[in-house]
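Engineer: Here you go, one structure.
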């Protein structure tokens with residue numbers, strides 16, 4: 017759950033830069049948004065792998081019974 021909270025906080029932290037980019041045409045803010053979204057993508061992939069690993073462990077336990 018720690019990674020999910022981290023992803024949520026990262027997304028929320030991008031809001032100010034997204035506002036600057038979309039409403040004030042600040043290109044540097046756009047660069048920060050792109051970097052943040054790439055970081056979010058990588059974090060989301062890590063979360064997906066973690067969830068799949070947990071599901072596989074549960075399935076293995078159930079198969080042993």
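Residue numbers (this note's numbering): 17 to 81. Positions of the beta carbon are idealized from the N, C-alpha and C atoms, including for glycine. This one's a predicted model, so the numbers in the text were calculated from it and none came from an experiment.
With distances taken from CA atoms, which of 24, 63, 30, 65 is nearest residue 44?
Structural biologist: Out of 24, 63, 30, 65, 30 has the C-alpha closest to the C-alpha of residue 44.
Engineer: Counting C-beta neighbours from all protein chains within 10 Å, is the total for residue 67 16 or more, i.e. buried, or is it exposed?
Structural biologist: With fewer than 16 Cβ atoms within 10 Å of its Cβ, residue 67 is classed as exposed.
Engineer: Among 63, 79, 50, 74, which residue has its Cα nearest to the Cα of residue 18?
Structural biologist: Answer by Cα proximity: 63.
Engineer: By Cβ distance, which residues of its chain are closer than 7 Å to residue 60, with the 5 residues on each side in sequence left out?
Structural biologist: Excluding sequence neighbours, residue 60 sits near 23.
Engineer: Would you identify the three-state DSSP class for residue 73, choosing helix, strand or coil?
Structural biologist: Three-state DSSP puts residue 73 in a helix.
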